[in-house]
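Residue numbers (the working numbering): 769 to 907.
Written out below as structure tokens is the structure these notes cover.
Structure (structure tokens):
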């Protein structure tokens with residue numbers, strides 16, 4: 769269930785780890801990641817914040833990390849996140865993948881699986897590890 773995946777994030781990721789997520793394919797909009805998992809979060813919704821703001825830049829980076837539309841931007845974003853957070857993870861609600869695509873955020877679970885290791889998966893949610901892969905951090 770959703771609560772189990774958020775509890776997994778809370779219990780199996782270092783405090784302060786960033787959770788990157790899609791507004792359309794996650795529970796980010798409801799605040800569950802911050803409230804239950806107790807982790808900082810950035811979500812990919814650049815259209816809802818002002819261009820040039822820090823929130824816009826974070827959302828733009830997060831979108832590329834999740835969609836892999838621009839691999840260069842995704843790689844730069846991951847380097848930035850690695851400098852600022854102990855670890856980074858992507859949280860995706862499987863039922864939201866189609867909804868995300870319908871609003872212009874093409875999420876491809878197969879592409880994500882071949883790019884990032886899945887560290888948790890349930891019938892509803894998958895969590896990928898993005899940062900800290902070469903630093904020997906725990907999963």
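Glycine residues also receive a C-beta, built at the ideal position from the N, C-alpha and C atoms.
Provide the residue span of the beta strand (DSSP E) that contains residue i, from first to last.
| i | result |
| --- | --- |
| residue 824 | Careful: residue 824 lies outside any beta strand (DSSP E), inside the alpha helix (DSSP H) at 822-835. |
| residue 886 | 886-889 |
| residue 895 | 893-897 |
| residue 787 | 786-789 |
Quick one: give me the first and last residue of the alpha helix (DSSP H) that residue i is part of.
| i | result |
| --- | --- |
| residue 878 | 877-883 |
| residue 846 | 839-852 |
| residue 871 | Where residue 871 is concerned, there is no enclosing alpha helix (DSSP H), given that its DSSP letter is neither H nor E. |
Drop a sphere of 10 angstroms on the beta-carbon of residue i, count the other beta-carbons inside from all chains shown, and report buried for 16 or more, exposed for fewer.
| i | result |
| --- | --- |
| residue 779 | exposed |
| residue 837 | exposed |
| residue 872 | exposed |
| residue 908 | In this structure the chain extends from 769 to 907, so residue 908 is not present and cannot be described. |
| residue 835 | buried |
| residue 799 | exposed |
For the candidate residues the options, whose alpha-carbon lies nearest to that of residue i?
| i | options | result |
| --- | --- | --- |
| residue 882 | 869, 874, 896 | 896 |
| residue 770 | 820, 900, 898, 894 | 894 |
| residue 806 | 826, 781, 820, 879 | 781 |
| residue 854 | 808, 799, 774, 803 | 808 |
Give the DSSP bridge partners of residue i, in chain order.
| i | result |
| --- | --- |
| residue 770 | According to DSSP, which records beta bridges pairwise, residue 770 is partnered with nothing at all. |
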